[in-house]
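Structure first, commentary second.
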Amino acid sequence: MTKQSKKEIAERCKRYNESHREEIKKWKHENYLKHRDEIYQKHRVWHNKNKDAVARWHQDYNRRGMKNYYSKRFQVLTLYGGNPPVCQCCGEKEMTVLTIDHFDLEQGKRDARSNIITVTNRLLKENDPSKYQVLCLNCNFAKFRYGGCPHRYPEKSPWRRLQIA
Ligand SMILES: [Zn+2]
Ligand SMILES: [Zn+2]
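Here the working numbering is used: position 130 in the sequence shown is 110, and no number is missing along the way.
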């Protein structure tokens, strides 16, 4: 069979499927209803027989997803915090507590509400150090809460301002 004719058949199938979409949907659903118990039973037997494999698959699936996310996050951290990434205020190295600080506060608020994976992908794509930097949780919080981390802006510390300590 030549490549061309294979392609032609595929095209014809596609055209047929498109023009009969509703019919096919109906037929599939009817077939499902007719054999529902049978399908369910078969699935249950298969599932019971392959319990361990299914559990392993899920574990693996989650692990792959996590690995993918954390390697992307690592790339984002090195992009905005050097390699190895450090807090740009205090030099904290522990990656678990490193965060991305948005110079644009509104964008930061929006990102905090958005899906972390979507945000991570965007940060990677943007590649714009004029918009973000890496800060540790402490420095990021202090900057957010007091308008500047006391490491760099001692006058922002409420205790110092109020001359208590
Ligand atoms: Zn820090
Ligand atoms: Zn700091």
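Cβ atoms here follow ideal geometry from the backbone N, Cα and C, with glycine treated the same way.
Collapsing the DSSP output to three states places residue 78 in a strand. Of the candidates 11, 32, 47, 86, 86 places its Cα closest to the Cα of residue 124.
Between the alpha carbons of residue 9 and residue 16 lies a distance of about 10 Å. In the structure shown, the three-state DSSP call for residue 68 is coil. In chain order, 56, 80, 112 place their CB closer than 7 Å to the CB of residue 103, counting only its own chain and leaving out the 5 sequence neighbours on each side.
Collapsing the DSSP output to three states places residue 21 in a helix.
The C-alpha of residue 97 lies about 19 Å from the C-alpha of residue 40. As DSSP reads the structure, residue 104 sits in no beta bridge.
The Cβ-Cβ distance between residue 78 and residue 34 does not fall below 8 Å.
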